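Below: the structure, in structure tokens.
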Amino acid sequence: MEWTMLLLAGGKSSRMGVNKALLTVGGIVNISRVASELKKVSENIMVITNTFEEYHFLQLPLIPDLHKDQGPLGGLHAGLTSSKTELQFLAACDMPFVSADAIKDIISHYEPGFDAVIPEINGRLQPLFAVYHKRCLPVLTECLLKHELKMSLFLEKISVKIMKETDFTLYRENPEQFHYLFSI
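Residue numbers for the sequence shown follow full-length UniProt numbering, beginning at 1 and rising by one.
As structure tokens, then:
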């Protein structure tokens, strides 16, 4: 099955005041680390951003939002619209300890009939580190047109498979490390 990796590099940096994608952790730029892990799963990667000049160094296709200033839903919409595959993995750019193994675990839980696979970590859904089927696009478009920009409202309208943390291989092998990786 062919997948497209969607690397979400938007955001206004309103909470921290700096672009978290470009922060370095251990000498590596956050977004570079995430892109590297995504490449281990699929060479088919697109960066969703409205600031192309900041991300040319990645040497990946850069896709603009079609609906500007609509948050993560706008980015997901741009990715689903631009993707040539039915299935996408969406990853936020500011997750410094994301791993290809965790991505593969989530992808392995996709089942036909579901529109998304979303992990639940520490009781919270992680919709910016999840699988989305292209058939979500009409519902997503409707949410954007109605200015329903909360991810939770969108998720209520599609068929979501929740992946529990105990479904992750890393959790079963080392729960403490798993929680550390997802707490940052």
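Note that beta-carbon positions come from the ideal geometry of N, C-alpha and C, so glycine has one too.
Remember, it's a predicted structure, so these values are computed and weren't measured experimentally.
query: Relative to the C-alpha of A21, which candidate in L58, E2, K39 has its C-alpha closest?; result: L58
query: List, from N- to C-terminal side, the beta strand (DSSP E) runs of 3 residues or more that fit wholly inside the UniProt domain "MobA-like NTP transferase" (6-150).; result: 45-48, 87-92, 116-121, 129-133
query: Residue range of the beta strand (DSSP E) that I162 falls in?; result: 160-164
query: Considering Cα atoms alone, identify which of L145, C93, Y171, P64 is closest to I106.; result: Y171
query: Spell out the partners DSSP gives T4 in its beta bridges.; result: Q88
query: Return the Cβ separation of I48 and A78 in integer angstroms, given the expectation that the two are a contact with Cβ distance under 8 Å.; result: 5 Å
query: Tell me, please, whether the region 3-12 touches the region 87-104 by the rule of three or more beta-carbon pairs shorter than 8 Å.; result: yes
query: What does the alpha-carbon distance come out to for the pair P138 and S82?; result: 14 Å
query: Drop a sphere of 10 angstroms on the beta-carbon of D69, count the other beta-carbons inside from all chains shown, and report buried for 16 or more, exposed for fewer.; result: exposed
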